[in-house]
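Working notes for the structure below.
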Amino acid sequence: MISKQKILSMALLLGVTGFVPSEAWADVAKSIRVQGNKRIESATVLSYIPIKAGKAYDQGDLDLALKDLYATGYFSDVQINRQGDALVIDVIENAIINQIAFEGNSKLKDDKLKEEVQLRPREVLSRTKIQSAQQRILDIYRRMGRYNATVVPKVIKQSDNRVDLVFEINEGDVTYVRKVNFIGNRHISSSHLEKALLTKQTRWYRFFASDDTYDPDRFIADQQLLREYYYDSGYPDFRLINAVSELSPDQKDLFLTFTLEEGPRYSFGKVEIKSKISKVDGSKLQGLVSYAEGDWFSRKMIEKTIQSITEAVGVQGFAFAQVEPIISKNNAAKTVDITYEISEGPRVYIERIDIRGNDRTRDEVIRREIRLQEGDAYNTTFVKRAEQNLNDLGYFKKVDVTAESGSAPDKAKLIITVEEQPTGELGLAIGFSTLDRALGNIHFAERNFMGTGRTIHSDFTLASRRQEFDVGITDPYFMGYNLEAGADLFHVRSKRISAFTEKNTGARTHVGYKLTDNWFQNWSYTIQKDDISDVPATSSVYIQNMKGGNVNSAIGHSIGYDRRNSRREPTAGYTVTLSNSFAGVGGDIGYLKNALGASYFYSPLDEVVMNARITAGHVLRAGKKLRVADQVFLGGDSFRGFEFGGMGPRDAKTKESIGGARYWVGTLETMFPIGLPNEFGVKGAVFTDFGSLWGCALKVPATQIATDRISSNKMRASVGVGLSWNSPFGPLRIDYSIPVRKQKDDEVQRIFFGVSSRF
């Protein structure tokens with residue numbers, strides 16, 4: 055008789071085994087075969103799966119094997135079946151790309167699209183890759199504002215499991231930003247807010263620009279620009295609640311809507327500078343504050359003040375000083391009191407310098423503009439200067455220098471991110487210049503030749519009064535040293551002064567280097583063959599004395615001090631330069647020219663730049679022949695309101711200009727926007743030119759009789775207005791000026807139109 059205990063034990067055993075899942079089985083395959091593979095070796099296929107011959111496997115292993123094989127992207131179909139003692143893997147391989155083609159694209163070149171799709175011939179093709187490439191093409195067209203674009207991929211089968219992949223593209227029309235809406239702006243008008251954005255509403259005059267099309271990246275940047283605009287306009291509590299982009303039903307227009315909350319407007323209150331560094335007196339730094347009590351609150355002014363204090367303390371030897379603004383808001387008075395606390399921060403060393411985004415420019419070209427190397431102590435002043443130096447190169451659309459944490463608390467990585475921009479110029483210009491009359495110009499220049507930083511250029515100008523050819527090369531770091539060196543060949547034929555024709559053919563070499571961060575020195579040597587012809591018999595005896603050919607061999611020198619905030623577009627700072635030129639090292643001509651000049655820049659308002667400059671100099675005879683052409687001539691673009699050579703000494707008999715030996719000339723000018731959209735590139739100017747030109751170092755041979763000269767050192771002056779246009783055809787400038795002080799024989803020219811140098 056079976057006991058109750060045994061019956062219970064058997065029941066428990068049956069109950070437990072009855073709940074074992076049906077898939078929890080195990081099997082062993084004596085062999086594993088691969089079928090259907092043509093390109094991929096069987097051993098390679100087997101290496102991807104977890105099942106091995108002679109080893110136990112279960113359903114989970116089969117599922118994982120299928121997943122792993124599909125994940126390789128090599129197969130369009132995979133089946134695993136048991137045949138006797140063997141496990142058989144049947145595969146169908148994905149096709150190989152034979153070629154990639156695009157049809158219907160006119161706005162984007164094939165090379166650009168091939169780069170975007172990230173597919174190459176002889177690469178395995180899969181459905182996922184096709185969908186990804188299709189989406190990338192759509193994305194790039196949408197960044198161009200073409201939301202109606204469609205892309206249809208087509209696979210054309212060829213022999214040997216190869217396919218041609220063809221993308222049929224309908225680029226569609228551009229989707230323009232029809233309206234930019236702002237909701238919640240009670241104090242600042244929508245028109246002012248739109249000016250702060252990169253994205254603009256479409257207008258008839260924006261045919262040269264593309265900022266009236268929708269770009270998702272630009273839309274994100276606009277949101278930050280809107281915040282900064284309010285923060286800099288006195289609204290520290292500003293909030294951007296929402297930003298939405300909406301397409302019209304026909305997808306031809308796009309509407310942007312920014313919902314915002316301005317908050318109250320605050321002004322600056324009390325400001326104090328405290329220093330925790332014993333050798334730094336905070337009270338003496340009060341003059342570095344970029345704003346005054348009562349000015350509207352501005353984060354930009356706070357950041358500018360922090361930078362100025364940091365640089366000033368750094369100059370005193372505290373490179374790791376930290377400046378922290380402690381902000382206290384008075385909600386009742388709507389003022390913001392700020393205390394700047396200076397403390398000596400921990401020493402941090404640069405572990406690595408990473409350069410990103412330089413697809414064309416070589417790393418060494420960027421590194422040589424940075425005063426820091428791996429292992430150096432991190433210096434905020436040097437970092438800011440490096441960013442400015444890189445911007446001044448003109449190679450990059452955008453430069454961003456940031457620091458990231460390193461492998462230890464006292465180490466940091468310096469990240470330099472750049473966005474390349476075109477540096478080559480190839481242009482054909484036709485225009486009119488007051489000095490040269492009708493002119494045509496063919497211009498080629500490359501400011502970053504093959505990413506080396508070298509500049510090559512050639513210019514050919516054909517004008518009524520001047521024909522010029524110039525070709526040259528400049529290396530800013532010659533032989534790897536901080537030494538700029540270059541050479542030029544030139545030929546000029548001009549007819550500007552009186553009625554004679556002057557031809558100059560020669561070569562020029564030059565070197566330049568920095569003595570310190572702000573001091574620079576340049577040397578040059580020029581040798582040229584000059585020929586003066588077509589001199590009328592009735593011309594001044596001084597002009598007739600120039601006839602014939604001469605060799606001019608001259609050494610040039612300049613030394614200067616430059617404290618501008620930018621070499622390309624300065625808005626603050628000053629320069630002082632002393633220049634000399636000595637002719638007489640061989641050749642037929644002998645003179646010494648000296649000039650001292652200074653320039654000062656100041657920006658009282660955004661986009662408004664004031665410039666004051668003055669230059670004085672003289673010409674001395676240096677034992678050999680000195681000609682009219684070697685003297686100084688003012689007028690035209692060098693002294694507006696007067697013709698070129700229209701002021702200064704003259705032959706008393708013929709009234710012809712013969713140039714002067716002593717001069718000084720000054721300019722006060724303010725450039726400002728005139729209300730047109732920024733993409734027009736048009737700015738206005740008001741100016742005054744003033745100065746004088748007098749004296750004469752000319753002599754005539756003993757066989758000739760010198761005539762009397764008219765010369766006056768009295769000041770001339772003019773006032774005027776101007777327009778400058780950075781046009782697609784080159785920079786253009788037109789000035790209208792009125793002489794308010796002139797002498798009897800001066801020649802007036804009220805309108806001056808010029809094509810600025812494009813190189």
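Positions 55 to 813 (my numbering) are the ones given, in order, by the sequence shown.
By construction, the Cβ of each residue, glycine as well, lies at the ideal position given by its N, Cα and C atoms.
Item, Value
"Check whether the region 595-604 and the region 669-682 are in contact - that is, three or more C-beta pairs closer than 8 Å.", "yes"
"For G702 versus R804, is the C-beta spacing smaller than 8 Å?", "no"
"Whose C-alpha, out of V228, G448, V437, T267, is nearest the C-alpha of A457?", "V437"
"Using only alpha-carbon positions, find the residue among L688, S711, L730 that is nearest to M840.", "Nothing can be reported for residue 840, as the shown portion of the chain is limited to 55 through 813."
"Comparing C-alpha positions only, which one of F221, D265, K358, V334 sits nearest to D286?", "K358"
"Classify K798 as buried or exposed, calling it buried when 16 or more other Cβ atoms lie within 10 Å of its own Cβ.", "exposed"
"What whole-angstrom Cβ distance do S548 and R508 have, given they're in contact under 8 Å?", "That pair is no contact at about 29 Å."
"Do the region 553-569 and the region 636-655 meet, that is, are 3 or more Cβ pairs less than 8 Å apart?", "no"
"How many Å lie between R176 and I151 at the Cα?", "5 Å"
"In angstroms with no decimal places, state the Cα-to-Cα distance between S325 and L279.", "Here the sequence assigns Val to residue 325, which means Ser is not the residue at that position. Distance between the alpha carbons of V325 and L279: 27 Å."
"Determine the DSSP secondary structure at I814, reduced to helix, strand or coil.", "Any question about residue 814 goes unanswered here, given that the chain covers just 55 to 813."
"Would a C-beta distance cut-off of 8 Å place R87 and I134 closer than the cut-off?", "no"
"Compute the beta-carbon to beta-carbon distance between V719 and G745, rounded to the nearest angstrom, for a pair I have assumed lies under 8 Å.", "3 Å"
"Let me know if E697 comes out buried or exposed under the rule of 16 or more other beta-carbons within 10 Å of its beta-carbon.", "buried"
"Here's a check: name, in chain order, each residue in its chain whose Cβ is nearer than 7 Å to the Cβ of M355, leaving out the five neighbours to either side.", "S344, Y345"
"Nearest-angstrom Cα distance between I327 and Y403?", "28 Å"
"So if DSSP puts S321 in a beta bridge, which residue, or which two residues, is it bridged to?", "W350, T389"
"Quick one: what's H672 bridged to in DSSP?", "N648, R716"
"According to the neighbour-count rule (16 or more other Cβ atoms, all chains shown, within 10 Å of its Cβ), is D660 buried or exposed?", "exposed"
"Under the rule that 16 or more other beta-carbon atoms within 10 Å means buried, what is K707, buried or exposed?", "exposed"
"For the region 425-479, which segments carrying the beta strand (DSSP E) assignment without a break, of at least 3 residues, lie completely within its bounds, in sequence order?", "450-459, 465-474"
"Are D122 and I105 close, meaning C-beta to C-beta below 8 Å?", "no"
"What is the C-beta distance between F374 and P400, in whole angstroms, given that I count them as a contact (C-beta under 8 Å)?", "7 Å"
"Less than 8 Å between CB atoms is the rule here; does L777 satisfy it with respect to chain C?", "The displayed structure is made up of one protein chain only, and chain C is not part of it."
"Hey, quick one: how far does the alpha helix (DSSP H) through A637 stretch, first residue to last?", "Taken as a continuous stretch (DSSP letters only), A637 belongs to no alpha helix (DSSP H), being part of the beta strand (DSSP E) at 627-637."
"Exposed or buried, which one is A626 when buried takes at least 16 other CB atoms within 10 Å?", "exposed"
"Under three-state DSSP, which class holds N502?", "coil"
"Is the separation between the beta-carbon of S772 and that of P793 shorter than 8 Å?", "yes"
"Mind the definition here: the region 230-249 touches the region 165-172 only if three or more C-beta pairs lie below 8 Å; say whether that holds.", "no"
"Would you call D800 buried or exposed, if buried means 16 or more other Cβ atoms sit within 10 Å of its Cβ?", "buried"
"Quick one, are the C-beta atoms of V775 and V740 less than 8 Å apart?", "yes"
"To the nearest angstrom, how far is it from the Cα of L722 to the Cα of Q305?", "52 Å"
"Starting from the C-beta of D585, find all residues in its chain whose C-beta is less than 6 Å away, skip the five residues before and the five after it, and write them out in chain order.", "K557, G603"
"Assuming K465 and E405 form a contact by the criterion Cβ under 8 Å, report the distance between their Cβ atoms to the nearest whole angstrom.", "4 Å"
"Give me, in chain order, the residues of the same chain whose beta-carbon lies closer than 6 Å to that of T311; leave out the 5 immediate sequence neighbours on both sides.", "N235, V298"
"Based on Cα-Cα distance, which residue from Y195, S244, S180, R200 lies nearest to K208?", "S180"
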